[in-house]
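Engineer:
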Amino acid sequence: MSLLNVNDLTVTFDDLTAVDSVTFNIEPGETLGVVGESGSGKSVTALSIMRLIEMGTRAEISRGQVDFTMPDGSILNLLNQDEATMRSIRGNQIAMVFQEPLTSLNPVYPVGEQIAEALRIHEGLSRKEAMSRAREMFDLVRIPEADKRIGQYPHEMSGGMRQRVMIAIALCCGPRLLIADEPTTALDVTIQAQILGLIKQLQVETGTAVMLITHDMGVIAEVADRVVVMNQSRVVEQGPVDQIFHAAKEPYTQGLLSAVPRLGSMAGRDNPEAFQLAGTLQ
Amino acid sequence: MTSTEPLVRVENVSKRFPADRHAQVHAVTKVSLDIGHGETLAVVGESGCGKSTLANLIIRLHDPDEGRVLLNGLDITQLGPRELRPHRKTMQIIFQDPFASLDPRVRVGTAVAEPLRVHGIATGEEAEERAGTLFELVGLNRSMLQNFPHQFSGGQRQRVCIARALALNPELVIADEAVSALDVSVQAQVMNLMLDLQRELGLSYLFISHDLAVVERIAHRVAVMYLGQVVELGPRRAIFENPTHSYTRRLLDAVPIADPHQRRTRPLLTDEIPSPVWQRGQGPELVELIEAGPGHFVARED
Numbered sequence: 614m615s616l617l618n619v620n621d622l623t624v625t626f627d628d629l630t631a632v633d634s635v636t637f638n639i640e641p642g643e644t645l646g647v648v649g650e651s652g653s654g655k656s657v658t659a660l661s662i663m664r665l666i667e668m669g670t671r672a673e674i675s676r677g678q679v680d681f682t683m684p685d686g687s688i689l690n691l692l693n694q695d696e697a698t699m700r701s702i703r704g705n706q707i708a709m710v711f712q713e714p715l716t717s718l719n720p721v722y723p724v725g726e727q728i729a730e731a732l733r734i735h736e737g738l739s740r741k742e743a744m745s746r747a748r749e750m751f752d753l754v755r756i757p758e759a760d761k762r763i764g765q766y767p768h769e770m771s772g773g774m775r776q777r778v779m780i781a782i783a784l785c786c787g788p789r790l791l792i793a794d795e796p797t798t799a800l801d802v803t804i805q806a807q808i809l810g811l812i813k814q815l816q817v818e819t820g821t822a823v824m825l826i827t828h829d830m831g832v833i834a835e836v837a838d839r840v841v842v843m844n845q846s847r848v849v850e851q852g853p854v855d856q857i858f859h860a861a862k863e864p865y866t867q868g869l870l871s872a873v874p875r876l877g878s879m880a881g882r883d884n885p886e887a888f889q890l891a892g893t894l895q
Numbered sequence: 437m438t439s440t441e442p443l444v445r446v447e448n449v450s451k452r453f454p455a456d457r458h459a460q461v462h463a464v465t466k467v468s469l470d471i472g473h474g475e476t477l478a479v480v481g482e483s484g485c486g487k488s489t490l491a492n493l494i495i496r497l498h499d500p501d502e503g504r505v506l507l508n509g510l511d512i513t514q515l516g517p518r519e520l521r522p523h524r525k526t527m528q529i530i531f532q533d534p535f536a537s538l539d540p541r542v543r544v545g546t547a548v549a550e551p552l553r554v555h556g557i558a559t560g561e562e563a564e565e566r567a568g569t570l571f572e573l574v575g576l577n578r579s580m581l582q583n584f585p586h587q588f589s590g591g592q593r594q595r596v597c598i599a600r601a602l603a604l605n606p607e608l609v610i611a612d613e614a615v616s617a618l619d620v621s622v623q624a625q626v627m628n629l630m631l632d633l634q635r636e637l638g639l640s641y642l643f644i645s646h647d648l649a650v651v652e653r654i655a656h657r658v659a660v661m662y663l664g665q666v667v668e669l670g671p672r673r674a675i676f677e678n679p680t681h682s683y684t685r686r687l688l689d690a691v692p693i694a695d696p697h698q699r700r701t702r703p704l705l706t707d708e709i710p711s712p713v714w715q716r717g718q719g720p721e722l723v724e725l726i727e728a729g730p731g732h733f734v735a736r737e738d
């Protein structure tokens, strides 16, 4: 049984359809990569699954189902749940990490307390228990000098360390699905490699499924088991990562792949060369 | 080094910024490099490595604390604003965010023609005509000259910025992360345009980027910067096929390759780049470049 089944999801902003009949599923423990260019609807899809899209926007989820399998085997259509139920699902069952950790963290509280806060709210831990678990989470996400770091404020940390804190907050209640929306886009490439490696490792250690949203085909190739390609609010193609990269059927996917610079592709060639664009980019 | 004079020669250039009363950011330290005629020199490195400061030093948006920049053999570091002005035409720059580089209330045709007016090259209809020609050169329609920046997509806006940069027939165009904010399909098209323009106009590019896969496509030569200093410099093939400095190797190892058959497993690291901030009177240890191959220089490591 799939962990998450998204079926015919359609989200509109007034006259604009931002997500159009999107259907995909996520299996327990797998990494689903969702790739697409700006405005393709990938973030709106994620926020709709979390039921955060209607908050403070004019978005309306006009059609579809988002069926999530609970630990006891029952299936909840998240689109029918009230806010109280959603609050118990967010963090506990499905957690989210965003691109910019600095805007996701509260600047006036030490990072350790922000992890502890999530634990106190979701798991009802005492302050002391929560801080002790927060300390364990720091070790889990491999933050060095954890005893010192736990008392630091977000501005005292680098972007990579802040993203580790965000991942710790996301994973502290043991969610079965982690939605990571461009989690490494704002990071330097060596730090990106660290964070992607960390997410992969934590997935092995905790068994969490990951929905990784990115514009970066390199990141997708590196970590995804299966791939959903989105363009203009729709899913244009989905399949195992090998199939998408080596046997893409849709002209849009072929075009996208032809535009991706691949490290090592210029080996043996002396001069710069233009991209030979394919598919819809021809 | 080539026997003919390079377009730009950077000699031992350093730039420090005050961090607080007692400390300084050593943004660029003793950097020397050349940019040849018609060549693309890429400068790569991570945030804070000094690559943008280096670009700003070359076009004199910053004045260096030490060292000099020669443009066609002429030292431009000591020139006053009036003397510098004719030489500014030779060097133009394109930035990462084309929306921030264009005035939202100025029609793009006027923006593209502005350098012509400022430098007294063309006015009125003549400037308009030239703007139209530039638009066609960068793949935009002449009829779009009357539009405002918000009416363009990100890729089109970057084309407008390129058109404006080309208005004065520069010899050097500095592209500071100029394709980094673009979607990948648009990025490829803008890079193809830059390659076309280089062939047609004989332009030199100083291509500043954090993205090594992009750099591999477009560069003739590559300088790798780390903490304000060049740690490896050489022909693109030498850097990518025979990376010699440990930092260059680390950068290349970190780049995700868009091919699932080439997945790499890496050790779980947590180390980060040290701070470029030093107490006054102190500073980084200077690297010593040694020749590892023809035109390929690498910082000595212990």
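Keeping their order, the protein sequence lines are chains X and D.
If you want my numbering, it's the 1-based position in the first sequence plus 613.
If you want my numbering, it's the 1-based position in the second sequence plus 436.
The C-beta atom is built at its ideal place from N, Cα and C for all residues, glycine as well.
Bear in mind the structure is a predicted one, so any value in this text is a computation, not a measurement.
(1) Could you spell out where the alpha helix (DSSP H) holding X:T797 opens and where it closes?
(2) According to a CB-to-CB cut-off of less than 7 Å, which residues of the segment 646-665 of chain X neighbour chain D?
(3) Kindly give me the distance between the Cβ atoms of X:V836 and X:V648, rounded to whole angstroms, as I take these residues to be in contact under 8 Å.
(4) Once the 5 residues before and after D:P454 are set aside, which same chain residues still bring their CB inside 7 Å of it?
(5) Is the segment 812-820 of chain X touching the segment 723-742 of chain X, taking contact as three or more C-beta pairs under 8 Å?
(6) Any Cβ of chain D within less than 8 Å of the Cβ of X:F751?
(7) Taking only the alpha-carbon atoms, compute the straight-line gap between D:V651 and X:E886 and give it to the nearest angstrom.
(8) If you draw a straight line from the C-alpha of D:V554 to the C-alpha of D:R524, how long is it?
(9) If you reduce the DSSP assignment to three classes, tell me which class D:D696 lands in.
(10) What are the uninterrupted segments assigned as beta strand (DSSP E) that are 3 or more residues long and contained completely in the segment 641-679 of chain X, given in chain order?
(11) For X:D855, which residues in chain A fall below 8 Å Cβ to Cβ?
(12) To which residues of the same chain is D:E475 closer than 7 Å at the C-beta, ignoring the five residues directly before and after it?
(13) Sort X:T821, X:V840 and X:G881 by Cα distance to X:P641 and report the nearest one.
(14) To the nearest angstrom, how far is it from the Cα of X:M774 to the Cα of D:V691?
(15) Count the other CB atoms, across all protein chains shown, that sit within 10 Å of the CB of X:V721; report buried if there are 16 or more and exposed otherwise.
(16) How long is the line joining the alpha carbons of D:L704 and X:E736, rounded to whole angstroms?
(17) Any residues in the segment 872-889 of chain X with a beta carbon nearer than 9 Å to a beta carbon of chain D? Which ones, in chain order?
(18) To be precise: take each residue of the segment 787-811 of chain X, compare its Cβ to all Cβ atoms of chain D, and keep it if any distance is under 8 Å. Which residues remain?
(19) Whose Cβ in chain X lies nearer than 8 Å to the Cβ of D:L510?
(20) Between X:Q814 and chain D, is the shortest Cβ-Cβ distance under 8 Å, so that the two count as touching?
(21) Which residue's Cα is closest to the Cα of X:S846: X:V632, X:T623 and X:D621?
(22) In terms of residue numbering, what span does the beta strand (DSSP E) encompassing X:M750 cover?
(23) List the whole-angstrom C-beta distance separating D:R566 from D:A549, where the pair is believed to meet the contact cut-off of C-beta under 8 Å.
(24) Give the range of the alpha helix (DSSP H) segment to which D:F676 is assigned.
(25) What does a CB cutoff of less than 6 Å around X:E673 pick up in its chain, not counting 5 residues either side in sequence?
(26) Beta-carbon of D:A735 versus every beta-carbon of chain X: anything under 8 Å?
(27) Based on the DSSP output, what are the partners of D:G729 in its beta bridges?
(28) Is there a Cβ of chain X sitting closer than 8 Å to that of D:T684, yes or no?
(29) When DSSP labels each residue in this structure, what does D:A611 get in the three-state scheme?
(30) Give me the residue from X:I666, X:L753 and X:V710 with the minimum Cα distance to X:L692.
(31) Under DSSP, the beta strand (DSSP E) around D:D470 begins and ends at which residues?
(32) Show which residues of chain D have a CB atom less than 7 Å away from the CB atom of X:S771.
(33) Would DSSP call D:E668 helix, strand or coil?
(34) Of all the CB atoms in chain D, is at least one closer than 8 Å to the CB of X:D829?
(35) DSSP three-state label for D:R716, please.
(36) Measure from the alpha carbon of D:L708 to the alpha carbon of each residue in X:S771, X:A759 and X:E795, then state which is nearest.
Structural biologist: Based on what the coordinates show:
(1) One-based indexing of the first sequence puts residue 797 of chain X at position 184. That residue, X:T797, is in no alpha helix (DSSP H); it is neither H nor E in DSSP.
(2) E650 and S651
(3) Taking the first residue of the first sequence as position 1, residue 836 of chain X is located at position 223. Taking the first residue of the first sequence as position 1, residue 648 of chain X is located at position 35. Not quite, the Cβ-Cβ distance comes to about 11 Å (not below 8 Å), so this is no contact.
(4) Position 18 of the second sequence holds residue 454 of chain D. So the qualifying residues of the chain are Q460.
(5) The segment 812-820 of chain X is not in contact with the segment 723-742 of chain X.
(6) Residue numbering aside, residue 751 of chain X sits at position 138 when the first sequence is read from its first letter. Residue-level contact check: X:F751 does not touch chain D, since none of the beta carbons of chain D fall below 8 Å from its beta carbon.
(7) In the second sequence, residue 651 of chain D corresponds to position 215, counting from 1. In the first sequence, residue 886 of chain X corresponds to position 273, counting from 1. The alpha-carbon atoms of D:V651 and X:E886 are separated by roughly 11 Å.
(8) As a first step, residue 554 of chain D is located in the second sequence; it is residue number 118 there, counting from the start. As a first step, residue 524 of chain D is located in the second sequence; it is residue number 88 there, counting from the start. When rounded, the distance between both Cα atoms is 11 Å.
(9) Here residue 696 of chain D refers to the residue found at position 260 when the second sequence is read from its first residue. Residue 696 of chain D is actually Pro in this sequence, not Asp. The answer is helix: DSSP assigns D:P696 an H, G or I state.
(10) Fully enclosed beta strand (DSSP E) runs of 3 or longer: 644-648.
(11) Among the protein chains in the structure shown, which are X and D, there is no chain A.
(12) Your numbering for residue 475 of chain D matches position 39 in the second sequence. Excluding sequence positions up to five before and after D:E475, its CB lies within less than 7 Å of the CB of S640, H656 and R657, all in the same chain and listed in chain order.
(13) Mapped onto the first sequence, residue 641 of chain X falls at position 28. Nearest of X:T821, X:V840 and X:G881 to X:P641, Cα basis: X:T821.
(14) Position 161 of the first sequence, counted from the first residue, corresponds to residue 774 of chain X. Position 255 of the second sequence, counted from the first residue, corresponds to residue 691 of chain D. Their backbone Cα atoms lie some 19 Å apart in a straight line.
(15) Residue numbering aside, residue 721 of chain X sits at position 108 when the first sequence is read from its first letter. Answer is exposed; the Cβ neighbour count stays below 16.
(16) Within the second sequence, the letter at position 268 stands for residue 704 of chain D. Within the first sequence, the letter at position 123 stands for residue 736 of chain X. In a straight line, the C-alpha of D:L704 is about 29 Å away from that of X:E736.
(17) A872, V873, P874, R875, L876, G877, S878, M879, A880, G881, R882, D883, N884, P885, E886, A887 and F888
(18) D801, V802, T803, I804, Q805, A806, Q807, L809, G810 and L811
(19) For the purposes of this step, residue 510 of chain D is identified with residue 74 of the second sequence, where counting begins at 1. The premise fails here: D:L510 is roughly 28 Å from chain X at the closest Cβ pair, so nothing lies under 8 Å.
(20) Position 201 of the first sequence, counting from 1, holds the residue named residue 814 of chain X. Cβ-Cβ to chain D under 8 Å: yes for X:Q814.
(21) For this step, residue 846 of chain X is matched to residue 233 along the first sequence. Taking the Cα of X:S846 as reference, the smallest distance to any Cα among X:V632, X:T623 and X:D621 is reached at X:V632.
(22) Taking the first sequence and counting its residues from 1, one reaches residue 750 of chain X at position 137. Here X:M750 belongs to no beta strand (DSSP E); instead the alpha helix (DSSP H) covers R740 to L753.
(23) Position 130 of the second sequence holds residue 566 of chain D. Position 113 of the second sequence holds residue 549 of chain D. About 7 Å; that satisfies the 8 Å criterion.
(24) The residue given as residue 676 of chain D occupies position 240 in the second sequence. Where D:F676 is concerned, the enclosing alpha helix (DSSP H) stretches over R672 to E677.
(25) Along the first sequence, read from residue 1 onward, the residue named residue 673 of chain X stands at position 60. T625.
(26) Counting from one through the second sequence, the residue named residue 735 of chain D turns up at place 299. Chain X contact via Cβ: absent.
(27) Sequence index remark: in the second sequence, residue 729 of chain D carries index 293 (1-based). The partner list for D:G729 (beta bridge, DSSP) reads D:H732.
(28) Mapped onto the second sequence, residue 684 of chain D falls at position 248. Not closer than 8 Å to any Cβ of chain X, the Cβ of D:T684 fails to qualify, so no.
(29) By one-based count along the second sequence, residue 611 of chain D stands at place 175. DSSP places D:A611 in strand when its eight states are reduced to three.
(30) Reading the first sequence from its first residue, position 79 is the one you call residue 692 of chain X. Of X:I666, X:L753 and X:V710, the residue nearest in Cα terms is X:I666.
(31) In the second sequence, counting from the first residue as 1, residue 470 of chain D sits at position 34. That run of the beta strand (DSSP E) goes A459 to I471.
(32) Indexing the first sequence from 1 puts residue 771 of chain X at position 158. Under the 7 Å cutoff, chain D gives E708.
(33) One-based indexing of the second sequence puts residue 668 of chain D at position 232. In the structure shown, D:E668 adopts extended strand secondary structure according to DSSP, grouped into three states.
(34) On the first sequence, position 216 is the one that residue 829 of chain X refers to. Answer yes: the Cβ-Cβ gap between X:D829 and chain D drops below 8 Å somewhere.
(35) As a working mapping, residue 716 of chain D is identified with position 280 in the second sequence. Looking at D:R716 - three-state DSSP - the assignment turns out to be coil, as it is neither helix nor strand.
(36) Sequence index remark: in the second sequence, residue 708 of chain D carries index 272 (1-based). In the sequence as displayed, the identity of residue 708 of chain D is Glu instead of Leu. Nearest of X:S771, X:A759 and X:E795 to D:E708, Cα basis: X:S771.
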